Amino acid sequence: MKRIFNLPQEELPRRWYNVLADLGEPLPPPLDPRTKEPLEPEALKALFAEECVAQEVSTDRFIDIPEEVLEVYRLWRPTPLFRAVNLERALKTPARIYYKYEGTSPTGSHKPNTAVAQAYYHKVEGTKRLTTETGAGQWGSALSFACHVFGLACTVYMVRVSYEQKPYRRVMMEVYGAEVIPSPSERTEAGRKILAKEPDSTGSLGIAISEAIETALNDPGTKYSLGSVLNHVLLHQTIVGEEALLQMEMAGDYPDVVVGCVGGGSNFGGLMLPFFRDAQSRGRKVEFVATEPVACPTITKGEVRYDYGDTAEMTPLLKMHTLGHEFVPPPIHAGGLRYHGMAPIVTHLVRKGVVKAVALDQVHVFEGAVLFAQTEGIIPAPESAHAVRAAIDLAKQCAETGEEKVILIGLSGHGHFDMSAYADYLAGKLVSTASL
Ligand SMILES: *Cc1c(COP(=O)(O)O)cnc(C)c1O
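Structural data, given as structure tokens:
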């Protein structure tokens, strides 16, 4: 049976899909952190590339991918779509399971799709250095790589718990020439404030974002880059779904369910948004399932309101699902899913009933990840494992009901830097979320 659906490189999609053209109403605008008034896009240019700011509010349905960005994408894109035949057999399910695998990128996840685009736009504008935060290290690796490709310096604030759990992620960033600082740090006002209150702080993405922004605002040649949440980040990630649309067609199938994990919502959005458009135009019904950890249940337990993206209240306020910007999640292994907020696009689609969310316990998640590794061979990133687990649960339901659902998983990355998490799971040391 055919298991791999590869697109030829000549068929790499050349446009990103902008869902803002198809939401039927504008998203609530970001608010200025000081005045709480709607923010002029101009004000965002202090932090972000001009082109990204334009994309943030654009309503053009498709946006051309610059040739220089396509040229870098061709290092690993198109990424493969697999049919998970062995997993289906192990589950004795009539469901047909596919996964779109982003782990073949240079840094092992979907994150370079936007890192490369953002670094490119900054290079064009003459930016000298980018700062950012990283949780699990995936985003920091992607931006370090992208900055190096376009000749920019890169400073990464890495959440301390990950810095300690994943020393090799740090080394990877350093190989690409980046400077990596554990957060909270003494380097910034925001970091010093947290350390004064809590010297042993394990850090959070919210704190690291504050540090990265402060550094960017204090240095004229330096700008800031965000790896998720914002509209332009989800836009850049739609390359994933655009490829997957063509690949599902090659496979002669169409998903009934698309399932992804959500930290800030970018890999999930990147995969599902093109299917959202396509399903609407064909009058098809597709279920979109966002999975998150019980330990950081942004959609399932959060409120929808305006909130800051960071702990120190420096970012614009976004209307989104949030657990509160001061929320510090317990140090679970899926570091990339430890974020208090959500992409406003995903929040909007949840409120419209297009996307539904489920929260999963990490022990249950790792059990699924090990089954996936033992059948399909790929060891999923702990984040991606949330999507895998939800798909397994769905496929098991199909085994009971006899439904032949077609399930598409967003496998956002590999877990090769997460062996300590797998070691804990195998040794029975991983704690169930309920007891954290
Ligand atoms: C960062 C990361 C995520 C979570 O971020 P999103 O913006 O929600 O995609 C998920 N999976 C992997 C492998 C990641 O690196």
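In terms of my numbering, the sequence shown is residues 1044 to 1479. Glycine included, every Cβ here is placed at the ideal spot set by N, Cα and C. Quick caveat: nothing in here was measured; it's all calculated off a predicted structure.
C1304 CB to nearest heavy atom of ligand 1 below 7 Å: Flag set: Cβ of C1304 near ligand 1.
Endpoints, the alpha helix (DSSP H) within which C1095 is located: 1093–1100
beta-carbon S1148 near ligand 1 non-hydrogen atom, thresh 7 Å: no
Contiguous alpha helix (DSSP H) assignments of at least 4 residues, all confined to the segment 1377–1426: 1387–1394, 1405–1419
4-residue-minimum alpha helix (DSSP H) runs that sit fully inside the segment 1293–1354, ordered along the chain: 1309–1325, 1341–1344
Continuous alpha helix (DSSP H) assignments of at least 4 residues falling wholly in the segment 1165–1202: Within the segment 1165–1202, the complete alpha helix (DSSP H) runs of at least 4 residues are 1181–1192.
Spatially closest choice to Y1142 from I1047, L1070, A1377, by CA coordinates: For the residues I1047, L1070, A1377, the minimum Cα distance to Y1142 belongs to I1047.
Proximal residues to Y1297 (C-beta, below 7 Å), its chain only, five neighbours per side dropped: The answer, listed in chain order, is M1291, R1327, V1449.
Where the beta strand (DSSP E) containing E1114 begins and where it ends: No beta strand (DSSP E) holds E1114; the alpha helix (DSSP H) holding it covers 1110–1116.
Cβ-based burial, T1078 [other Cβ within 10 Å; buried from 16]: exposed
Residues near E1131 by beta carbon distance below 6 Å, same chain, minus five either side: Excluding the 5 residues flanking it on each side, E1131 has same chain C-beta neighbours closer than 6 Å at I1140, in chain order.
Cut-off 8 Å between Cβ atoms - residues of its own chain near C1441, not counting five sequence neighbours on either side: T1136, P1137, A1138, E1447, K1448
Option in I1388, L1063, V1302, P1387 with minimal Cα separation from D1103: L1063
P1182: CB within 7 Å of a non-hydrogen atom of ligand 1: With the sequence shown as reference, residue 1182 is identified as Trp, and Pro is not the correct amino acid for it. Because some heavy atom of ligand 1 lies under 7 Å away, the Cβ of W1182 counts as near it: yes.
Neighbourhood of D1075 by C-beta, 6 Å cutoff - its chain only, sequence neighbours within 5 removed: Here the set comprises L1082.
DSSP three-state assignment for D1481, whether helix, strand or coil: Only positions 1044 to 1479 of the chain appear in this structure, which leaves residue 1481 out of reach.
Closer than 7 Å: K1399 CB and nearest ligand 1 heavy atom: no
Burial state of Q1417 (16 or more Cβ within 10 Å): exposed
Any non-hydrogen atom of ligand 1 within 7 Å of S1152 CB: Result yes, Cβ under 7 Å from ligand 1.
CA-to-CA distance, V1128 to P1073, given in whole angstroms: 44 Å
Euclidean distance between Cα positions of L1260 and G1220: Approximately 22 Å, taken between the alpha carbons.
A1233 beta carbon less than 8 Å from that of T1175: no
Exposure of Y1144, with buried meaning 16 or more beta-carbon neighbours within 10 Å: buried
Distance CB(A1158)-CB(L1113) smaller than 8 Å: no
CA nearest to the CA of H1275, picked from G1411, L1366, N1310: It is N1310 whose Cα lies nearest to the Cα of H1275.
DSSP-derived helix/strand/coil call for M1363: strand
Same chain, Cβ closer than 7 Å to E1369, neighbours up to 5 away in sequence not counted: T1354
Boundaries (first-last residue) of the alpha helix (DSSP H) holding D1461: Counting along the chain, D1461 falls outside any alpha helix (DSSP H), and DSSP gives it neither H nor E.
Any non-hydrogen atom of ligand 3 closer than 7 Å to S1427 Cβ: Here the bound small molecules are ligand 1; ligand 3 is not part of this structure.
Buried/exposed call for L1361, threshold 16 Cβ in 10 Å: buried
Sufficient close CB pairs (3 or more, under 8 Å) joining the segment 1466–1476 to the segment 1401–1412: yes
Closer than 7 Å: G1456 CB and nearest ligand 1 heavy atom: yes
Cα-Cα separation, L1248 to I1224: 13 Å
Supposed close pair G1458, A1433 - CB separation, criterion 8 Å: With 8 Å as the limit, G1458 and A1433 do not qualify as a contact, their Cβ atoms being about 17 Å apart.
Supposed close pair T1035, L1316 - CB separation, criterion 8 Å: Given a span of 1044 to 1479 for the chain in the structure shown, any question on residue 1035 remains unanswerable.
T1245 beta carbon less than 8 Å from that of P1374: A contact, by the Cβ cut-off of 8 Å.
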